[in-house]
Amino acid sequence: MDLQTENTDILQTIVAHKQQEVDEWMRFMPPRQLMAKVEERMAKEEQPPASMRKALLQSGTGIIAEFKRKSPSKGWIKREGRAGVIPMAYQQAGATALSILTDNHFFGGYDEFISEARASGVTLPILYKNFIISEYQLLQARFCGASAVLLIAADLLKDDCRTLIHMAHQLGMEVLLEMHGEEELDYADLEPDMYGINNRNLGTFITDVNNSFRMAERLPKDGCKVSESGIGDPDTVMRLRQAGFNGFLMGEHFMKADNPGDELARFIGQLKQHAQP
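The structure is reproduced here in structure tokens:
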């Protein structure tokens with residue numbers, strides 16, 4: 001079903017379904033049991049997850065390459081895409097960080113995709129991209145090997161968002177806090193690790209990259225800023241960087257290519273040419 005044809009707010013539909021999923025997961029594995037598994041994993045780690053914020057601030061390109069097989073508005077993008085292959089190809093092509101969709105119903109993702117990427121040798125920071133509404137999902141993110149999580153202002157009350165940021169930090173993960181419109185800018189004072197501006201309206205799924213330019217000056221000047229969605233050419237990345245952005249989350253542009261890793265390498269090559277004086 002193409003949700004864009006429905007007379008409804010897509011985000012509300014997704015969040016309602018997500019709540020049902022969380023309830024089912026908690027019945028299958030109670031929070032206390034999952035917490036024990038997470039604590040066991042953390043105790044065995046030789047070092048904490050790599051910092052996505054630090055990677056973006058130090059990068060000359062800032063590309064966050066996304067593993068995204070499907071979207072609610074466009075259907076399957078790369079149904080045969082393998083998490084044990086494409087994320088590693090992104091790393092080899094020069095990505096600064098990765099984003100992996102873990103929502104199954106609407107995006108064709110799984111938590112196991114992050115585990116598979118790690119098993120293939122990926123060491124870059126990985127963003128757990130889902131619609132997080134519960135502390136339980138933070139445990140899931142930490143257990144599968146994520147470095148950071150996405151929190152979306154549009155589907156969280158501010159106090160709930162504050163609580164989730166605090167717990168993510170306790171678990172050793174960073175937070176990319178996503179905002180879309182000026183009405184959500186007060187969430188910025190929660191001081192997440194990274195400030196995201198989504199160029200896609202999550203109610204309609206209409207994309208406008210100019211949204212990042214409109215919002216750039218409203219974000220903290222010294223914050224790590226990420227522009228998300230609708231980015232498809234090096235010139236746009238360069239203009240966004242000049243506007244103060246450090247990270248550029250791109251998924252469909254690469255995933256639509258026959259070889260996403262090769263397309264990323266080509267894009268980064270063009271980006272470096274643009275950057276030359």
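Take the sequence shown: its position 214, counting from 1, is numbered 214 in the UniProt record's numbering, and each next residue is one higher. Glycine is no exception: its CB is placed at the ideal position from the N, C-alpha and C atoms.
List, from N- to C-terminal side, the beta strand (DSSP E) runs of 3 residues or more that fit wholly inside the stretch 172-257.
Taking only runs of at least 3 residues, the beta strand (DSSP E) segments lying wholly in the stretch 172-257 are 174-179, 194-198, 225-228 and 247-250.
Where do the ends of the beta strand (DSSP E) carrying Val149 lie?
Here the beta strand (DSSP E) through Val149 covers Ala148 to Ile152.
Could you tell me if Thr61 is buried or exposed, where buried requires 16 or more neighbouring beta carbons within 10 angstroms of its beta carbon?
With 16 or more other Cβ atoms within 10 Å, it is buried.
Give every residue of the same chain whose Cβ lies closer than 6 Å to the Cβ of Lys68, excluding the five residues on either side of it in the sequence, and list them in chain order.
Contacts found: Leu101, Gly251 and Met255.
Do you know whose CA, among Arg239, Gly94, Ile197 and Asp155, lies nearest Val15's CA?
Here the closest residue by C-alpha is Asp155.
Using CA atoms only, rank isn't needed, just tell me which of Asp193, Pro48 and Met179 is closest to Ser229.
Of the listed residues, the one whose Cα sits closest to Ser229 is Met179.
For Asp132, name the three-state secondary structure that DSSP assigns.
In the sequence as displayed, the identity of residue 132 is Ile instead of Asp. It is coil, neither helix nor strand.
Please report how far the alpha carbon of Asp262 lies from the alpha carbon of Arg118, in whole angstroms.
Their Cα atoms are separated by approximately 20 Å.
Please classify Phe245 as buried or exposed, where buried requires at least 16 other C-beta atoms within 10 Å of its C-beta.
Buried, because 16 or more other Cβ atoms sit within 10 Å of the Cβ of Phe245.
What does DSSP give as the partner residues of Ser71 in its beta bridges?
In DSSP, Ser71 forms a bridge with Gly75.
In this structure, does DSSP put Ala55 in helix, strand or coil?
Of the three classes helix, strand and coil, the one that applies to Ala55 here is helix, per DSSP.
Between which two residues does the alpha helix (DSSP H) carrying Ala93 extend?
Ile86 to Ala93 is the span of the alpha helix (DSSP H), which, as asked, contains Ala93.
With distances taken between CB atoms, is the gap from Gln170 to Leu124 smaller than 7 Å?
No, these two residues do not count as a Cβ contact at 7 Å.
Quick check on this structure: which residue in Leu249, Cys224 and Gly172 has the alpha carbon closest to the alpha carbon of Pro48?
Closest option to Pro48, Cα to Cα, is Gly172.
Pull up the distance between the alpha-carbon of Ala36 and that of Met29, whole angstroms please.
When rounded, the distance between both Cα atoms is 11 Å.
Is it true that the CB of Leu177 sits closer than 7 Å to the CB of Leu151?
For Leu151 and Leu177, yes; Cβs fall inside 7 Å.
Let me make sure I understand the geometry here. Which of Lys44, Phe248, His17 and Gln273 has the alpha-carbon closest to that of Phe143?
Nearest C-alpha to Phe143: Lys44.
Could you tell me the distance, in whole angstroms, from the CA atom of Ala93 to the CA atom of Met52?
Roughly 17 Å separates the two Cα atoms.
Can you have a look at Asn7 and say buried or exposed, based on whether 16 or more other CB atoms are within 10 angstroms of its CB?
Legend: pLDDT at Asn7 = 35, less than 50; position of this residue unreliable, no value from coordinates given.
Using the Cα positions of Ala148 and Gln273, report the straight-line distance between them to the nearest angstrom.
About 30 Å.
Please name the residue in Phe248, Pro220, Pro72 and Tyr187 whose C-alpha comes closest to that of Ile206.
Closest option to Ile206, Cα to Cα, is Pro72.
Report the three-state DSSP secondary structure of residue 297 (helix, strand or coil).
Since the first residue shown for the chain is 1 and the last is 277, residue 297 is missing from the structure and cannot be characterised.
So, residue 299 versus Cys224, is the Cβ gap smaller than 7 Å?
Nothing about residue 299 can be reported from this structure: the residues present for the chain run from 1 to 277 only.
Under 7 Å Cβ to Cβ from Ile268, same chain only, skipping five residues before and after it: list those, please.
Once the five neighbours on either side are set aside, the close Cβ partners of Ile268 are Thr61, Ile63, Ala93 and Gly94.
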